[in-house]
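Take a look at the structure below.
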Amino acid sequence: MKYIELPRKVLVGENVIDKVKDVASDLGLRGENILVADDTTKKIAGDKIASILGSEIFVAGENALEDVGRLAGKECNYMIACGGGTINDITKLASFRKKIPYINVPTSASHDGIASPQASLKGDKPVSVRAQCPLGVIADTRILENAPKRLNAAGCADVISNYTAVLDWKLAYKEKKEYYGDYAATLSEMSASIVMENAGKIRSNISILVEALISSGVAIGIAGSSRPCSGSEHLFSHALDLICEKPGLHGEQCGIGTIMMACLHKADWKKIKKALEECGAPTTARQIGLSNEDIIKALTMAHKIRDRYTILRNGLSEKQARELAEKTGVI
Ligand SMILES: [Zn+2]
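Mind the numbering: the sequence shown is residues 205 to 535 in this note's numbering, read in order.
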């Protein structure tokens, strides 16, 4: 059996947050609701949405897991996430536990969790877990284009990482007879291609990136797992999250991982690197403040992070890891 979960309403465009009340009522959401934000995103859009919907505001703190627990203990009919990665994940998990729907209003385009059913929180398992899709997504391009450039560049890199995720998925199908879905894989690949082809234009046209991130989330929803958008490059990023005190952003690490994993797949890693540069995403360890040793250690332990068959198969030796990182200019 396989079940597909997708958001029901997705609004992308300028000033679409003004339509939040219509979206909620179209989705049949009414009554008590809680808006989740942090101090910054509360000012960007949270206060405005809360005044339109009469929401109780929940300001997220330092400990995301604690926030999930506190939020899940509150009474309400639905929730609204207003923020970037962590705010979305907190709301996704808390609403899932309560079996109530949520609307996602992203304030940056930094990862493909915007519309996907997967959630991940650092401190929990380093990998993503299935929770639920937002019932509605309101992606206001006026807000998103004003997000910090670093966050949006990380979003580009997270989409570009679909490239090696799909190669890994095909490999698992070929060598391990794992389930493989053509629709989900093609949608994921297409999102990566569109971002790569338009890498230079994304800063002036954020909707290209937003649509690619939403399509990636939809690919995950269709596949029923993160497979189409998460392969060896994500394992590498999860490994960095475990070993580094101050890791880079999720998308940044995945992008750097994609360059190296594409090289292992004997694919065109130089094309990946060029596209990342054009998006303004980092391509070296030093750019995100990581040491050569961090990269090598993460490469050698990535295959043990979770049970997912990828090009890393039984893992890389330290020598192989160093050679790979040096050849691709990551270190
Ligand atoms: Zn990702």
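For each residue, glycine too, the CB sits at the ideal point set by N, CA and C.
Taking only the alpha-carbon atoms, compute the straight-line gap between residue i and residue j and give it to the nearest angstrom.
| i | j | result |
| --- | --- | --- |
| Lys-206 | Gly-425 | 11 Å |
| Lys-223 | Lys-247 | 18 Å |
| Ile-412 | Leu-297 | 28 Å |
| Val-370 | Gly-273 | 34 Å |
| Leu-516 | Lys-405 | 33 Å |
| Ile-499 | Lys-225 | 46 Å |
| Glu-497 | Met-465 | 18 Å |
| Ile-447 | Gly-232 | 44 Å |
| Pro-310 | Tyr-387 | 26 Å |
| Leu-503 | Ala-525 | 6 Å |
| Asp-511 | Ala-264 | 32 Å |
| Val-341 | Ala-357 | 21 Å |
| Arg-346 | Ser-312 | 10 Å |
| Leu-444 | Val-240 | 28 Å |
Let's test the definition: count the other Cβ atoms within 10 Å of the Cβ of residue i and tell me whether it reaches 16, buried, or not, exposed.
| i | result |
| --- | --- |
| Thr-244 | exposed |
| Pro-352 | exposed |
| Gly-317 | buried |
| Gln-336 | buried |
| Gln-322 | buried |
Any heavy atom of ligand 1 closer than 7 Å to the beta-carbon of residue i?
| i | result |
| --- | --- |
| Cys-483 | no |
| Ser-395 | no |
| Cys-458 | yes |
| Asp-146 | With the chain covering only 205 through 535, there is no way to say anything about residue 146. |
| Asp-242 | no |
| Cys-433 | yes |
| Asp-372 | no |
| His-442 | no |
| Asp-293 | no |
With distance defined between alpha-carbon atoms, name the residue in the options nearest to residue i.
| i | options | result |
| --- | --- | --- |
| Pro-211 | Leu-325, Pro-305, Leu-494 and Leu-468 | Pro-305 |
| Gly-385 | Ser-411, Val-422, Asp-293 and Ala-276 | Val-422 |
| Glu-209 | Arg-334, Lys-405, Ile-499 and Gly-250 | Arg-334 |
| Phe-440 | Pro-310, Lys-302, Ala-529 and Asp-316 | Ala-529 |
| Ala-427 | Asn-409, Ser-392 and Lys-303 | Ser-392 |
| Gln-457 | Ala-416, His-442 and Ile-406 | His-442 |
| Ser-434 | Leu-480, Tyr-383, Val-363 and Ser-229 | Val-363 |
| Val-534 | Ile-476, Thr-514 and Ile-291 | Ile-476 |
| Glu-437 | Cys-286, Ser-299, Glu-379 and His-469 | His-469 |
| Lys-303 | Lys-501, Leu-215, Val-220 and Cys-280 | Cys-280 |
| Ser-259 | Ala-506, Thr-390 and Ala-228 | Ala-228 |
What is the DSSP secondary structure of residue i, reduced to helix, strand or coil?
| i | result |
| --- | --- |
| Ala-479 | helix |
| Glu-260 | strand |
| Gly-421 | helix |
| Cys-458 | helix |
| Ile-307 | strand |
| Asn-292 | helix |
| Lys-326 | strand |
| Asn-237 | strand |
| Leu-215 | strand |
Less than 7 Å between the CB of residue i and some heavy atom of ligand 2, yes or no?
| i | result |
| --- | --- |
| Ser-365 | Absent from the structure shown: ligand 2. Ligands present: ligand 1. |
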